[in-house]
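Here the structure is laid out as structure tokens; the discussion comes afterwards.
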Amino acid sequence: MNSSRHVVLLATGALVALLAATFVVLRGDSADKVATAVSALAGVAGVGVAVWAALSAVRAGSRARVTGRATASGAGYANTGIDAPAGDATPMEVSRTGDAVAGDDGQAISGIRRRDR
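Counting from 1, position 44 in the sequence shown corresponds to residue 1025 in the working numbering; the numbering is continuous, with no gaps.
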């Protein structure tokens, strides 16, 4: 676990202990009101954190690196890179791909090809 996670865990534990002590000291009606307010704030904070995480999420991408040689014969297809659907918005990267060779009526690519499927 990295240090920032330790800090969050420690702060959360301290906050829970502080709230527990507050509820014991306040008793009854006052503790009920504080608990309601704390629950509402925690709910709003939870939704905010979830939205923040969803918006700032890093999309995983596709990568082709240091691939071998591919040969297509006849009307075949040789690919040493990435072949993806035309509408795919996934980040893609190719580097140092191998040779792609096609003979006759074949197709060969060594980079990124987005095509209708």
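C-beta atoms are modelled at their ideal positions from N, C-alpha and C, and glycine is treated no differently.
Nearest in C-alpha terms to G1092, of all of D1086, L1000, G1084 and E1074, is E1074. At a cut-off of 3 residues, the continuous stretches assigned as beta strand (DSSP E) that sit fully inside the stretch 984 to 1068 are 1043 to 1046, 1051 to 1053, 1058 to 1060 and 1063 to 1066. G1029 is classed as exposed because its beta carbon has fewer than 16 other beta carbons within 10 Å across all chains shown.
Beyond the five residues adjoining it in sequence on each side, R1077 comes within less than 7 Å, by CB distance, of R1046 and V1047 in the same chain, given in chain order.
Taking all protein chains in view, the Cβ of T1061 is crowded by 16 or more other Cβ atoms within 10 Å, so the residue is classified as buried.
In this structure, V1082 lies near A1059, with their beta-carbon atoms less than 8 Å apart. In the DSSP assignment, A1070 falls outside any beta strand (DSSP E), carrying neither H nor E.
Per DSSP, the beta-bridge partners of R1096 are P1066. Taking all protein chains shown into account, A1051 has 16 or more neighbouring C-beta atoms within 10 Å of its C-beta and is therefore buried.
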